[in-house]
Amino acid sequence: MTHRAETLRPTEDHPLLRVALIAVALAFLGAFLVLPLVTVFHEAFSDGLAAVWAALREADAQSAIGLTLITAAIAVPLNAAFGVAASWAVAKFDFPGKGLLVTLIDLPFSVSPVVSGLIYVLVFGLQGWFGDWLRQHDVKIIFALPGIVLATIFVTFPFVARELIPLMTDQGREEEEAAVSLGASGWSTFRRVTLPNIKWGLLYGVLLCNARAMGEFGAVSVVSGHIRGLTDTMPLHIEALYNDYQYVAAFAVASVLACLALVTLTLKSVLEWRYGDEIAAVHHH
Amino acid sequence: MAALAPARRWRNPSALPGFGLSLGFTLFYLSALVLVPLAALVIRPWEIGWSGFREVLADARVVHALLLSFGASFIAAAINTAFGLLVAWVLVRYRFPGKNVVDAIVDLPFALPTAVAGIALSTLYARNGWIGAPLSEHGITVAYTPLGVVVALTFIGLPFVVRTLQPVLVEMSREAEEAAATLGATRFQTLRRVVFPALLPSLLTGAALAFARAVGEYGSVIFIAGNLPGISEIAPLLIIIKLNENDVAGASAIGVVMLAISFVMLLTLNLLQAWSAARK
Amino acid sequence: MSLTIDSVSKRFGSFEALEGVSLRAPQGAFVALLGPSGSGKTTLLRILGGLEFPDAGSIHFADLNWLGVPARARRAGFVFQHYALFKHMTVAQNVAFGLTVKPRRERPPRGEIARRVEELLALVQLEGLGKRYPSQLSGGQRQRVALARALAIEPRMLLLDEPFGALDAKVRKELRVWLRSLHEKLGLTTIFVTHDQDEAFAMADLVAVMNAGKIEQYGPAHDVRSTPRTPFVLDFLETRAN
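In C-alpha cells, the structure reads:
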C-alpha cells in the first residue's frame, strides 16, 4: 500500500497546508470582524446592564430610536414598491434602454453616502434650487424628517430591485402569460401568480433594505442638522454620545443596532439556506 | 386592467399588462429621487466657474483628502483581494467545524451600521485598545493615522471579494485541475496556471467593488481616523466641513469629483463583468 | 508491458463503487469499460489515472507499481467528458501545457514545443486553430483539442471518460471512427469508458461489462457480444442503448 502523501488526490491540498490556511483565514476574520463586534457589546455592558438600560431610556435616545423607526417605516415600503415596479417592468417586458435603467438602479451603490446626502441639500437646502420657495412656505425638508427620509430612500432603494430583477427575469413570463390568457387582470395576475413566486426574494430584499435604512449614517449626517432630540437618528445619536466621551451610552445604543445586524444576518442565512433557489438566480451584493 | 394601449412601435408589444404603470412609476421615482438631485450636483459647481472649480481642487487640504481617500481605498482593496481569495478558497474547498457560521459572518460589514463599526474600530485600535495596545508596544500607531483609515476601509470592503469569488469557485469544476495533474503539473503549477487565471476576472471585479465602496466611505472611518487635516482627513468629511462652512459650491466641487470617480468605477465594473462572461 | 489490475476495491462512504475488480490487458490494447451509470467504470478509470486511490488491491503497468506513482508522474493521458480545457488559454497553449510544466531540465525549448503542438494539431485535424480559444470551438473540436493535449505528453496509456457523451449523435459517430483509426496509428494502450454498447463494440478490442462495482464479463469484443455469460450481460446487451 502507498503512504499518506501519495494518497492525496491531485485536487486536494496537503493537510498541513489546509490547517495553516484555515488558521490564517480565521485569524484575519477574527481580527477584522469578530473583535469589533465583541468590542461593541463589551464596552456597552462594561458598567453593567443598568447603565445600558438607562442609556436607552434617556429622552434623546428614545427620540433617536423613534426617528430611526419612522424613517425605516416610510423608506422601506416605498423602496419595496419601487423594487417590485421596476422588476415587473424589466423582467416582463422588452424595451430599449433596459440596460441603462438597470445600471441607474445600481447607482447608489457606487455613490458615497455623503454625496447622497449632499445632492438633496443642493435641491432642497437653503441655497438649493427650491430653497427660497420652501422657506417662503415654511416647509422644512433639510434638517427635518422629510430630508432624512429622502436621503435614506436614495441610499437603500436598489436593494429590493436588485434582488427581484434577476429573480423575476429568471422566472420568466410564462406563468403570467398563462394567467392573462385565462382572463386574469393585471393586479390579479400579480397578486396570485407573481407574488407567491417572489415572496422570499422580496422578503430577503426588504430585510437588507431595512438593515441599511436603520443604519445609514453618512447621507443622513449631511441632511439632518444634528439637532439632538429632533433630527438625530440612532447612528447620529451614537456619534454625538461618542464625541461627548459618553462611551458606555454610545455603545449601549450601538449594541441595539449590532443586535439588529445579527438578526439580519441570521434571517438572511436562514432564507438563503431554505429558499436559496427562490431568492435569486445570481447573487449580487 | 385596461386592454393594451395602441401598439407602440418602439418596443415589442407584450401580452402582459401593467407596462405603462410599472415603467412610469419606476421612471418617476428614479427621476425625482435620483436623477434630478444628481443633476443638481453636476450643475452646482459651475456657479463658481471653471477657475473657481480648479481653485477648490488645487487647495492642499482638498488634494490631500482626495489622495488619502483613494490611496487608502486602494491599499484596503489590495489587502481584501489577498485575504478575500484566501477566505473564499477556505470556505469553498475545505471543511471545518463552524464553517457555516464563519460564512454568515463574512457579511457583517454589509449588515452592521457604519457608525457602530466606526466606534468599535476606534476603540479597538486606540492606544489602550485590545489591538491598539500591543501594536503600540511595537511602535505602530493605528488610531489618528492613515493606517487607521486603511484598517476601517479593509473592514468595510471585506465581503466584496469573498462574495464575488465564492460562486465562481463553487462552479469551477475540479476537472481542469485534475487534467493539469495528469499532464504532469505540480499542485503549485496547477494553482498558478490553471486556477488563478480562471479566478482573475472575478477577483478584479471584487477588488473594484471593494475599492468603489471604500472611496466614498464615511461612518466607519471618521472615528478611528481622528480627522487631522492633511494627515487623516478623508474627502467625504471635507465635503461635510465645507457644507457646515456654507461653502456649498466648494462641497459640490469635491462631490462632483467623487461622483465622476463613481461613474468610472461603474464603467470599469461593467467592462470587467463583460470580460468575465466572454471567458465562459 | 501489460496492464494488470488485481482485486481493486473502492468505497465512498457507505457506497461500494468497486468490489474486487481484476483485469488484464496486453500492451497496446483498446479496452472498453461498458456499463450503466453507477457501475464503477469511471471510478476504475480515475484510479488508473491517479485521480482516486483504491482501498485495496494493486495495479501494475509497464513493470511499475502503478499505485505508487503519483498522478503527475504516471503520464496517463486523461480525456474528460466535458473536455476540461483551460478556458483562459488558447488551443495551442492548452496542447502545450503538459510540455511547459515539465521541470526545467526536461523541458524542450520553446521552438520544439511549438513544433510539437503543430504536429499534434495536424494529427487531430485542427491545423490553424492554435490561436483560438476553447469557447470559439464546437464540442467535437474541443474534444479533439483535449485529446491532442493528452497526447502531447507522450503518454504511456490513454484514459477516456465517456469522451463523446456531450456531443450529438452525428459527431459521435464520426469521432468514433476517427479515434479507432488514431489508435491503430499510435498503438497506445487505451481504456475507454462508455455506457453506449454500439460505441464500445465498434472501437474496442476487449470489452469489460461492469455492473454494481464488479466486472460481469470480460473478453474480446466479438466474444462478449455474441456469447453473453451472465443474465445481466444478456439483459444489458438486449436493451438498445440510446
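Chains as they are written, first to last, in our numbering: chain A, 7 to 291; chain B, -8 to 271; chain C, 20 to 261. A virtual CB, placed ideally from N, CA and C, is assigned to each residue, including glycine. Just so it is clear, the structure is predicted and the values come from calculations on it, not from any experiment.
- Here the C-alpha atom of L228 of chain B lies approximately 23 Å from the C-alpha atom of G40 of chain B.
- Each residue's CA atom was taken as its position, placing V269 of chain A and A217 of chain A some 10 Å apart.
- For T209 of chain C, no alpha helix (DSSP H) encloses it; the enclosing beta strand (DSSP E) starts and ends at 208 to 213.
- Taking a cut-off of 8 Å for Cβ pairs, the region 200 to 215 of chain A and the region 20 to 32 of chain B do not touch, as fewer than three such pairs fall below it.
- Taking every protein chain shown into account, the CB of F149 of chain A has 16 or more other CB atoms within 10 angstroms, so this residue is buried.
- R179, E182, E183, V186, S191, G192, W193: these are the residues of the region 169 to 194 of chain A whose beta carbon lies less than 7 Å from some beta carbon of chain B, given in chain order.
- The CB of E137 of chain C never comes closer than 8 Å to any CB in chain A; the least such distance is about 29 Å.
- By the criterion of a C-beta distance shorter than 6 Å, E222 of chain A is surrounded in its chain by T158, V161, once the five residues flanking it on both sides are discounted.
- H101 of chain C is a Cβ neighbour of A185 of chain C, given a cutoff of 7 Å.
- Within the region 127 to 173 of chain C, the complete alpha helix (DSSP H) runs of at least 4 residues fall at 129 to 142, 158 to 171.
- For the 7 Å CB-CB criterion, I122 of chain B and Y248 of chain A do not form a contact.
- Going by DSSP, H79 of chain C is part of the beta strand (DSSP E) stretching over 75 to 80.
- Residues of the region 188 to 204 of chain B with a C-beta atom less than 7 Å from some C-beta of chain C are P188, A189, listed in chain order.
- Between L118 of chain C and A171 of chain C, the beta carbon gap of about 6 Å places them in contact (Cβ cut-off 8 Å).
- Taking 7 Å as the Cβ-Cβ cut-off, the region 47 to 61 of chain A approaches chain B at E49, given in chain order.
- In the three-state scheme derived from DSSP, where H, G and I count as helix and E and B as strand, P8 of chain B is classed as coil.
- Distance between L43 of chain A and F196 of chain A, taken at the CA atoms: about 41 Å.
- Using a CB distance cut-off of 7 Å, I234 of chain C does not count as an interface residue toward chain B.
- Bounds of the alpha helix (DSSP H) holding L107 of chain A are 104 to 111.
- The three-state reading of DSSP puts E38 of chain C in strand, counting E and B together.
- Here the alpha carbons of L70 of chain C and L156 of chain B stand approximately 25 Å from one another.
- Beta-carbon to beta-carbon, L140 of chain C and E131 of chain C are separated by about 15 Å, too far to satisfy the 8 Å threshold.
- For the region 75 to 107 of chain C, the set of positions with a beta-carbon nearer than 8 Å to some beta-carbon of chain B reads A90, R91, A92, R93, R94, A95, G96, F97, F99, H101, A103, L104, F105, K106, H107 in chain order.
- For the region 164 to 188 of chain B, residues whose beta-carbon sits nearer than 8 Å to a beta-carbon of chain C comprise S164, E166, A167, E169, A170, A171, A172, T173, L174, G175, A176, T177, Q180, R184, V185, P188.
- A direct Cα-Cα distance of roughly 46 Å separates M240 of chain A from E183 of chain A.
- In summary, V161 of chain B is exposed, with fewer than 16 beta-carbon neighbours lying within 10 Å of its beta-carbon over all protein chains present.
- Identification of chain A residues near T145 of chain B by a Cβ-Cβ cut-off of 9 Å yields F38, ordered along the chain.
- Scanning chain B for C-beta atoms nearer than 7 Å to the C-beta of L70 of chain C yields E169, reported in chain order.
- Inclusion of V226 of chain A and M249 of chain B in the CB contact set at 7 Å is not warranted, their separation being larger than that value.
- Judged by DSSP secondary structure, D66 of chain A falls within the alpha helix (DSSP H) whose first and last residues are 65 to 98.
- Taking a beta-carbon distance threshold of 7 Å, G89 of chain A does not count as an interface residue toward chain B.
- Per DSSP, the continuous beta strand (DSSP E) segment holding A51 of chain C begins and ends at 49 to 53.
- DSSP places D98 of chain B in the coil class of the three-state scheme, outside both helix and strand.
- As summarised for the region 171 to 257 of chain A, there are no continuous beta strand (DSSP E) elements at least 3 residues long confined to that stretch.
- Residue-level contact by beta carbon holds for T13 of chain A and chain C, with a gap shorter than 7 Å.
- For G207 of chain B, the closest Cβ of chain A is nearer than 7 Å.
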